[in-house]
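Written out below as structure tokens is the structure these notes cover.
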Amino acid sequence: MCGIAGVISFQKKPFSILKKMTDLVDYRGPDDYGYMCYDITERECETGKGISPDYLFNIGLGHRRLSIIDLSEKGCQPIKSPDGQYWIIYNGEVYNYIELRENLKKEGSTFSTDTDTEVILNAYMKYGAECFNLFNGMWALAIFDLNKMEMVLSRDRFGIKPLYYYYDSNTFLFSSEIKQLLVYPAINRNIDKGLLNDYLGFGKIENPGGSTLFEHIKALQPSYSMKIKITGDRLRYESKRFYNIKIDSTLTSSNEGTLSEQFMELFKDSIKLRLRSDVEIGSCISGGMDSTSIASLASEQLHAENNRFRGVNFFYKGKTYDEREYVRLFAHEQNTEISYVTFSIEEMKNQIEKIIWHQDMPFVSTSIFAQWSVFRKAKEIGLKVMLDGQGADELFGGYDPFFYSYFLELLGTKNYKRLTNELFFYFLYHRHFKLFFSTLWNEIKKDRIKGQKSSYSVPEGITGRFNRDCYSHLTYGNLESLLRYEDRNSMSHSIETRLPFLDFRIVNFIMSLSSSLKIKGGYTKHILRNCMINKLPDKIRMRQNKMGFTAPMNSFIKRLIKDDNELSYEIKTLNNSTFLSCQRQWRLVCYVLWKRAFKPTGI
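Numbering (the numbering used here), first residue to last: 100 to 702.
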């Protein structure tokens with residue numbers, strides 16, 4: 100896990116720009132750093148740590164390293180091919196690098212390190228951009244071909260690792276975080292007003308088009324690679340999608356028992372791959388199904404190898420925000436050491452500006468404080484890698500609205516017997532009568548059950564309203580925002596997070612299953628709950644109340660506005676309504692504080 104930065108320009112740039120871009124995120128890689136700068140005219144390459152700030156170059160790569168695999172100096176980046184033609188910088192982990200390396204060796208590749216970075220480079224040299232389909236992991240990378248004068252960027256399938264870029268006809272910049280690009284003096288900081296309205300009105304900020312709040316800065320979309328070609332007197336680039344969810348239609352003919360066994364094998368292997376590390380691994384543990392399922396299987400595997408396994412849990416005093424009852428039960432049964440962390444409103448107030456700076460863009464709730472605190476605690480106790488459960492709710496349909504998707508699917512297919520049965524169990528366990536009927540009526544009014552096409556494209560083979568909505572949440576919903584929160588919160592404390600549910604094999608498998616294996620008897624995540632029998636206490640396995648990372652919002656907003664007259668005035672100026680929900684108030688507060696930190700123009 101690292102931080103990367105790159106510059107491509109016909110007009111030579113001083114090394115000081117690349118150095119500032121790279122050093123600005125030193126927390127992403129405190130263990131080592133390196134650079135490569137190439138002068139097109141002189142055909143000379145400068146590398147290492149002693150480059151003069153005034154050195155002029157056309158193509159530059161910068162890297163900050165967080166050492167996880169092969170802790171030796173051999174893992175320092177940029178790494179080049181033996182003949183010097185290819186150079187790579189890379190942020191992330193390719194977990195199946197051992198298997199890939201063995202296959203590449205059989206085909207004649209040689210290796211001088213034990214890093215996954217060298218495996219990626221050799222795979223690219225052998226297969227070109229097709230290699231990205233071979234990787235199981237998370238990544239944001241750049242590979243420069245000195246002979247062809249082209250740069251290839253790639254971002255993992257689900258956008259776990261960030262990659263942003265800025266382009267004009269003479270210059271192309273890319274980086275791990277938005278703030279790195281803002282170092283470049285020529286960048287226009289004009290705000291994207293449409294996206295700002297989406298955020299303030301609906302809490303939506305990441306989007307499938309890759310836009311950011313800065314009009315001229317874009318995110319490379321998940322599952323895409325991009326080629327930047329230096330031709331003539333201008334730069335040209337094109338992007339290409341290398342992955343979409345692949346549906347296995349044969350799975351529908353298998354019975355539930357067989358499918359549960361197949362899923363459990365995949366789940367265990369996903370975790371096994373993500374336990375590959377030369378440093379200690381721990382886990383975020385909330386007390387819910389997702390995190391405890393991961394922690395249960397991880398602790399089982401690590402304890403079998405006589406390695407310890409530790410977790411970190413956040414709580415806030417008061418029943419609404421405290422899951423320690425479940426975490427202690429899990430820790431007792433799994434023989435796992437848990438560290439607990441909390442914070443006060445005063446601490447939230449003192450940390451808010453720092454957290455907003457790290458996040459690059461505003462966020463929709465104060466739950467980020469809880470996650471931030473977990474990673475800070477993990478660093479304090481010496482953990483460098485943490486497992487977490489992001490992606491499970493989107494994949495299995497874990498949010499409450501998925502019940503409505505399922506009911507409407509059953510209604511649309513006239514499966515009245517199952518619909519009646521599922522409604523009975525839903526009301527038995529949830530009892531949200533008034534909310535249920537108002538929400539269901541709103542969905543019916545949208546006329547989506549009459550064969551109307553979705554407003555988003557869906558891969559071939561994904562059928563039924565429920566699975567289409569799962570796909571929408573994975574690709575067009577809030578997952579990318581959640582992954583940004585996770586990345587910035589963890590990396591601000593030099594912590595790498597690994598997400599077993601977003602193994603592409605698991606995603607392909609679960610998306611191939613019928614909706615009845617995901618919602619059953621009033622419970623979401625049916626197949627996961629079924630697989631964790633005898634692995635988790637039933638009190639955890641059959642929990643209905645979803646909490647996750649939570650933190651008090653209303654009291655914090657009041658405290659911020661009370662103590663900051665300028666903030667209070669600006670909120671009143673922006674707010675034309677006599678009443679705002681707590682969520683919308685927070686979005687206003689967060690936007691104003693973000694604006695202070697990043698100073699956008701064109702508002």
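Just so it is clear, CB atoms sit at the ideal spot from N, CA and C, and this is done for glycine as well.
Item: Nearest-angstrom beta carbon gap, D389 and A491 [assumed within contact, 8 Å]; Value: 4 Å
Item: DSSP state of G497 mapped onto helix, strand, coil; Value: coil
Item: Neighbour-count burial assignment, D182, 16 or more Cβ in a 10 Å radius; Value: exposed
Item: Alpha-carbon spacing of R547 relative to V606, whole angstroms; Value: Residue placement at R547 cannot be trusted, given a pLDDT of 44 that sits under 50; what the coordinates show is reported in the next sentence. Going by the C-alpha atoms only, they are around 25 Å apart.
Item: Rounded straight-line distance, which links the Cα of Q684 to that of I660; Value: 10 Å
Item: Beta-bridge pairing of A696 - partner residues as DSSP gives them; Value: Partner(s): none; A696 has no beta bridge.
Item: Coarse secondary structure for F413, derived from DSSP in three states; Value: strand
Item: Where K339 falls: helix, strand or coil (DSSP); Value: strand
Item: F273 and L252 closer than 8 Å at C-beta; Value: yes
Item: Sequence-distant residues of the same chain with beta carbon closer than 8 Å to G481, five excluded per side; Value: E379
Item: Segments assigned alpha helix (DSSP H), at least 4 residues, entirely inside the stretch 377-461; Value: 388-403, 423-433 and 444-458
Item: The stretch 168-183 in contact with the stretch 209-222 per 3-pair CB rule at 8 Å; Value: yes
Item: Y622 versus Q643 - alpha carbon distance; Value: 7 Å
Item: Range covered by the alpha helix (DSSP H) that runs through I316; Value: Not the alpha helix (DSSP H): I316 falls in the beta strand (DSSP E), residues I316 to A318.
Item: Ordered list of alpha helix (DSSP H) runs contained in the stretch 552-580, each at least 4 residues; Value: 564-574
Item: Residue from S310, F501 and L527 whose Cα sits closest to the Cα of M460; Value: S310
Item: Exposed unless 16 or more other CB atoms sit within 10 angstroms - verdict on P321; Value: buried
Item: Enclosing alpha helix (DSSP H) for D662 [first to last residue]; Value: N653 to D662
Item: Residue range of the beta strand (DSSP E) that includes H625; Value: Not the beta strand (DSSP E): H625 falls in the alpha helix (DSSP H), residues H625 to C630.
Item: Buried versus exposed call for D568 [16 or more other C-beta atoms within 10 Å across all chains shown]; Value: buried
Item: Beta bridge counterpart(s) of S310 as assigned by DSSP; Value: K317
Item: Burial state of R61, where buried means 16 or more other Cβ atoms lie within 10 Å; Value: Summary: the structure shown does not reach residue 61, with the chain confined to residues 100 through 702, and so no result is reported for it.
Item: G550 to V691 span [Cα, whole Å]; Value: Unreliable positioning characterises G550 in this predicted model, as indicated by a pLDDT of 42, which lies under 50. A coordinate reading is not provided.
Item: Three-state secondary structure (DSSP) of F589; Value: With the sequence shown as reference, residue 589 is identified as Ser, and Phe is not the correct amino acid for it. The answer is helix: DSSP assigns S589 an H, G or I state.
Item: With 16 other Cβ atoms within 10 Å as the buried cut-off, status of M250; Value: buried
Item: Buried or exposed (CB count within 10 angstroms, at least 16 for buried), L527; Value: exposed
Item: Residue from T270, C681, P307 and S438 whose Cα sits closest to the Cα of K111; Value: T270
Item: Delimiting residues of the beta strand (DSSP E) encompassing L240; Value: G236 to D244
Item: Close beta carbons around K552, own chain, < 8 Å, minus the five adjacent residues each side; Value: Note on K552: pLDDT 43, under 50, position unreliable in the model; the coordinate value appears next. No residues qualify anywhere along the chain.
Item: Close beta carbons around L666, own chain, < 8 Å, minus the five adjacent residues each side; Value: L659, I660, V688, V691 and L692
Item: Simplified DSSP state of Q184, which is helix, strand or coil; Value: coil
Item: Cβ neighbours of K483 in the same chain (closer than 6 Å, five flanking residues each side left out); Value: V378
Item: Neighbourhood of P152 by C-beta, 6 Å cutoff - its chain only, sequence neighbours within 5 removed; Value: F114 and S115
Item: Cβ contact (3+ pairs, closer than 8 Å) linking the stretch 194-212 and the stretch 257-265; Value: no
Item: For C144, the nearest candidate out of R163, Q184, E521 and V124 (CA to CA); Value: Q184
Item: Length of the line joining the Cα atoms of T596 and S615; Value: 31 Å
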